[in-house]
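Asker: Here it is, the structure in full.
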Amino acid sequence: MHAEGDGSGAAIVRALAAAVLRTPSITVLEGTEVRRLLTENGVIAGLACIGPKGCFTLPASEIVLATGGLGGLYEATTNPSGNFGQGIMLAARAGAILADMEFVQFHPTALSSPRRPLALVSEAVRGEGALLLNENGERFMAAVPGAELASRDIVARAIDREILRGGKVFLDARRALGSGFSTRFPSIDLLCREAGIDPARELVPVRPAVHYHMGGVATDGRGRSSVPGLWVAGETACTGLHGANRLASNSLLEAAAMGMRAAQDIAGRPAYAGKQAADIATLPVPDFPAADLSPVRPVVSRHLGIVRHAEGLTGAIRDLLPLAERNGPASDPALVALAIAVFAALRAESRGAHFRDDFPEKHATATRRRLNLSDILTIAHEFSSSSHSSAGLARSA
Numbered sequence: 004m005h006a007e008g009d010g011s012g013a014a015i016v017r018a019l020a021a022a023v024l025r026t027p028s029i030t031v032l033e034g035t036e037v038r039r040l041l042t043e044n045g046v047i048a049g050l051a052c053i054g055p056k057g058c059f060t061l062p063a064s065e066i067v068l069a070t071g072g073l074g075g076l077y078e079a080t081t082n083p084s085g086n087f088g089q090g091i092m093l094a095a096r097a098g099a100i101l102a103d104m105e106f107v108q109f110h111p112t113a114l115s116s117p118r119r120p121l122a123l124v125s126e127a128v129r130g131e132g133a134l135l136l137n138e139n140g141e142r143f144m145a146a147v148p149g150a151e152l153a154s155r156d157i158v159a160r161a162i163d164r165e166i167l168r169g170g171k172v173f174l175d176a177r178r179a180l181g182s183g184f185s186t187r188f189p190s191i192d193l194l195c196r197e198a199g200i201d202p203a204r205e206l207v208p209v210r211p212a213v214h215y216h217m218g219g220v221a222t223d224g225r226g227r228s229s230v231p232g233l234w235v236a237g238e239t240a241c242t243g244l245h246g247a248n249r250l251a252s253n254s255l256l257e258a259a260a261m262g263m264r265a266a267q268d269i270a271g272r273p274a275y276a277g278k279q280a281a282d283i284a285t286l287p288v289p290d291f292p293a294a295d296l297s298p299v300r301p302v303v304s305r306h307l308g309i310v311r312h313a314e315g316l317t318g319a320i321r322d323l324l325p326l327a328e329r330n331g332p333a334s335d336p337a338l339v340a341l342a343i344a345v346f347a348a349l350r351a352e353s354r355g356a357h358f359r360d361d362f363p364e365k366h367a368t369a370t371r372r373r374l375n376l377s378d379i380l381t382i383a384h385e386f387s388s389s390s391h392s393s394a395g396l397a398r399s400a
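The sequence shown begins at 4 in our numbering and counts up by one.
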């Protein structure tokens, strides 16, 4: 699916928004956030929300979460900076099982600039022949199988190594595209020019940035979570379809297919006689504070990045656990970050987007892990309090 050169995403969002607004049965609540999912005997019963007029509840027997990713947990991301995995947090607090949380995909080439979120420079630019160079003009990917078109994790680690040694990395599209850059990639060209760069004539500074999360709320083939009445679609869900390392563009296909399956599954359900609006309205709704990512983001960026190791993962768990349990402004983002850290510490191998320099090899047999919030907190306490190394705990997990 392509539209407007490299503007497919914007075109899709415009079409979806227009379809929603012209559908009379859909009510859009702007300026409203869901802070908790309400359950009765483990079954979805409604939502606790906060809007312009304060906190309120909505009854619901079927809920679909499609809240996007968690890139905002990281300093460098192409996601909206406020996205910390809200849907994952909501589902986990309602009792849902999470899966594959360790697999966070870094896109190798985000435009390096003060802008947040970082602008994405698509693989398609490298597909047209653009090269990666360091500050000395050296093509450091030339000897790597696949070169500039190797998988995202390989290219991201190579760029990360160059930056960690104090260097800089650039994308050179001058010879491959030249004056044709603006025609082939109009959106990227505009973003570069807004940063004061002419990609037809100048090198484009790039760096890795969190772009996609393969993990999330575990779902079945119809989008159902482990909590009755809760469906999940898009990046919030973990269907397993992407494995440990999503291929470019497959997320759009998955979101469309699984969203449709979830809708069909809900439409085929008998009416549920759960709590009514009057019953939900009597439930207490705490005044949840707005999420504060400032204590969480440095920990996540430092220890849960492209390259991980036992000491850093254990340190992250020790830093994040009290924040997650404190029930303060940082609690919700810290909970999602803690899940990533625990899953990563338990995976004593390197696979896909999860790379550990203390376990650089991949196991012969692929395994997946599923944990609920209680499991995650229990394991986090074991890591946090143990006098043994996290590597030893990871081997025994």
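From the three backbone atoms N, C-alpha and C, an ideal C-beta is built for every residue, glycine too. Just so we're clear, the structure is a prediction, and the values are computed from it rather than from any experiment.
(1) Does M263 pass the burial test, meaning 16 or more other C-beta atoms within 10 Å, or should it be called exposed?
(2) Would you decide whether V124 is buried or exposed? Buried here means 16 or more other CB atoms lie within 10 Å of its CB.
(3) For P2, which of helix, strand or coil comes out of DSSP?
(4) Helix or strand or just coil, what does DSSP make of G355?
(5) Going by DSSP in three states, R129 sits in which element: helix, strand or coil?
(6) Give me the Cα-Cα distance between A394 and E385, rounded to the nearest whole angstrom.
(7) Assign A267 to one of two classes, buried (16 or more other C-beta atoms within 10 Å of its C-beta) or exposed (fewer than that).
(8) Quick test of your reading: R210 and A79, contact by CB under 8 Å. State the CB separation rounded to the nearest angstrom.
(9) Residues in the same chain with beta-carbon distance under 7 Å from L341, minus the five sequence neighbours each way, listed in chain order, please.
(10) I'd like to check one pair, E151 with L135: are the Cβ atoms closer than 8 Å?
(11) State the DSSP-derived secondary structure class of L180, mapped to helix, strand or coil.
(12) In terms of DSSP beta bridges, what is E43 paired with?
(13) Could you pull out every unbroken beta strand (DSSP E) segment of at least 3 residues lying fully inside the stretch 96-166, listed in chain order?
(14) From P62, R354, V67, pick the residue whose C-alpha is nearest to that of V107; which is it?
(15) Is A198 closer than 8 Å to R177 when the C-beta atoms are compared?
(16) Would you mind working out which of A69, R160, A259 sits nearest A240, comparing C-alpha positions?
(17) Going residue by residue through the stretch 43-97, where are the continuous alpha helix (DSSP H) segments of at least 4 residues, counting only ones entirely within it?
(18) Considering only residues of the same chain and omitting the five flanking positions on each side of P363, which have a CB-CB separation below 7 Å?
(19) Which residue comes first and which comes last in the alpha helix (DSSP H) that contains V16?
(20) Going by CA-CA distance only, name the one from F87, E205, A13 that's closest to P1.
(21) Among the candidates D192, G183, D156, whose CA atom is the shortest distance from the CA of H216?
(22) Less than 6 Å between C-beta atoms, sequence neighbours within five positions excluded: which residues of the same chain meet that for T35?
(23) Taking just the CA atoms, how far does F188 sit from E205?
(24) Note the first and the last residue of the continuous alpha helix (DSSP H) segment covering V303.
(25) Please identify the residue among R359, A94, P273 whose C-alpha is closest to the C-alpha of S228.
(26) For I91, I'd like the list of residues in its chain whose CB is within less than 7 Å of its CB, leaving aside the five on either flank, ordered along the chain.
Answerer: On the basis of the supplied data:
(1) exposed
(2) Buried, by the Cβ-count rule.
(3) In the structure as shown, the chain starts at 4 and stops at 400, and residue 2 therefore has no counterpart that could be examined.
(4) coil
(5) In the three-state reduction of the DSSP assignment, R129 falls in the helix class.
(6) Its pLDDT being 45, under 50, A394 is placed unreliably in this model, and the coordinates cannot settle the point.
(7) According to the sequence as given, residue 267 is Gln; it is not Ala. Its Cβ having fewer than 16 others within 10 Å, Q267 is exposed.
(8) 6 Å
(9) I320, L323, L324, A327, I379, A383
(10) Yes, they are a contact pair.
(11) Coil, per DSSP.
(12) Note: E43 is bridge-paired with V46 in the DSSP secondary-structure output.
(13) 107-114, 134-137
(14) R354
(15) no
(16) A69
(17) Secondary structure remark: continuous alpha helix (DSSP H) runs of at least 4 residues inside the stretch 43-97, in chain order: 89-96.
(18) S353
(19) Run containing V16: 11-24, per the alpha helix (DSSP H) assignment.
(20) It is not possible to answer for residue 1, since the shown part of the chain is limited to 4 through 400.
(21) D156
(22) C52, G54
(23) 15 Å
(24) Per DSSP, V303 is one residue of the alpha helix (DSSP H) stretching across 300-306.
(25) Among R359, A94, P273, the Cα nearest to that of S228 belongs to A94.
(26) L73, L101, G219, V220, T239, V339
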